[in-house]
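K.L.:
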Amino acid sequence: MAVDGLSINLATVREQYNMRQAIEACLKQDIVAIAPWRDQVHAIGLSEAARIVADNGLQVTGLCRGGMFPAADAAGRAAAIDDNRKAIDEAAALKADCLVLVVGGLPAGSRDIAHAREMVAEGIAAILPHARATGIPLAIEPLHPMYAADRACVNTLEQALDICDLLGDGIGVAIDVYHVWWDPKLEQQISRAGASGRILAHHICDWLVPTTDLLLDRGMMGDGVIDLKGIRRSIEAAGYQGPQEVEIFSAGNWWKRPGEKVLATCVDRFRSAC
């Protein structure tokens, strides 16, 4: 029987498996929903990745990632837009539920975060017609403020939803608990997102205390301080009934363990801690 409601972001086992191997390992655990990264897709080829997904009847809960819009010059911004259009096409080939956008931080040499956020909105506006025509929703993923300079200058669900409201249909949010659990407005903004049908993905892991690396020390669900069950209740009350997608970057722990044990633990913790 499939593990209903669980998706595995393939970053969780990226050090153990390529995409083909990760899918085989997931199927052995009765996991039938995945979220690959573009480099994993490219490594085996888009056509082969799409074939494997289709042959196994998998749900692709998202393709990671598009975004990275701010740049120091017009050529850099244009290159980002071109790459995002390619990402949309890849998501369509995989029949993904959405393309996840990590929007980008400050351009080199800049201290103007407000301008970076303007470039994000302009970049998304530029690719949105192609996304609409292709049928791929764009999911802005707000990242924790510690990433504002280098990875994402959109740091709260409220900021992401403001961009969605500005741009209209075909765009929503990916709610990753690692990035938003601390936000005092979280429950309010989840309700706002649900009311406008903007919740496209729900990513889960845990925040460890202490955290030894702000990028590569995410915790397995239940090992940290995030109220996973409470956030899930809020997201489901807001109308989202899709899978919870486990996304763990763990250079010192989970990436060093056998992949089958990692996936088995994901299933166990999904059932007990989420």
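Numbering (my numbering), first residue to last: 463 to 736.
In this text, a Cβ means the ideal position worked out from N, Cα and C, and glycines have one as well.
1. How should His665 be labelled, buried or exposed, when 16 other C-beta atoms within 10 angstroms of its C-beta is the threshold for buried?
2. With distances taken Cα to Cα, identify the nearest neighbour of Ala473 among Ser712, Pro720, Asp730, Arg719.
3. In terms of alpha-carbon separation, which member of Ala699, Val729, Gly567 lies closest to Glu709?
4. How would you call Asn471, buried or exposed, if buried means at least 16 neighbouring beta carbons within 10 angstroms?
5. Using beta-carbon positions only, say whether Cys736 and Leu662 come within less than 8 Å of one another.
6. Please confirm whether Gly634 has its beta-carbon closer than 8 Å to some beta-carbon of chain B.
7. Taking Ala595 as the reference, give the member of Ile550, Asp559, Ala558, Leu568 with the closest Cα.
8. Comparing alpha-carbon positions, which option in Pro599, Arg694, Ala655, Val639 lies nearest Trp669?
9. Which of the three DSSP states is assigned to Ile493 in this structure?
10. With three or more C-beta pairs closer than 8 Å as the rule, is the region 491-498 touching the region 515-532?
11. Would you mind working out which of Arg573, Val562, Ala555, Val582 sits nearest Ala540, comparing C-alpha positions?
12. Exposed or buried, Leu725, counting other C-beta atoms within 10 Å across all chains shown (16 or more means buried)?
13. Within 10 Å of its beta-carbon, does Ala699 have 16 or more other beta-carbons around it, so buried, or fewer, so exposed?
14. Measure the alpha-carbon distance for Val671 versus Arg680 and round it to whole angstroms.
15. So, helix, strand or coil for Asp668, using DSSP?
P.N.:
Answer, in terms of the structure:
1. buried
2. Ser712
3. Val729
4. buried
5. no
6. Absence of chain B from the displayed structure is noted, only one protein chain being present.
7. Ile550
8. Val639
9. coil
10. yes
11. Val582
12. buried
13. exposed
14. 10 Å
15. strand
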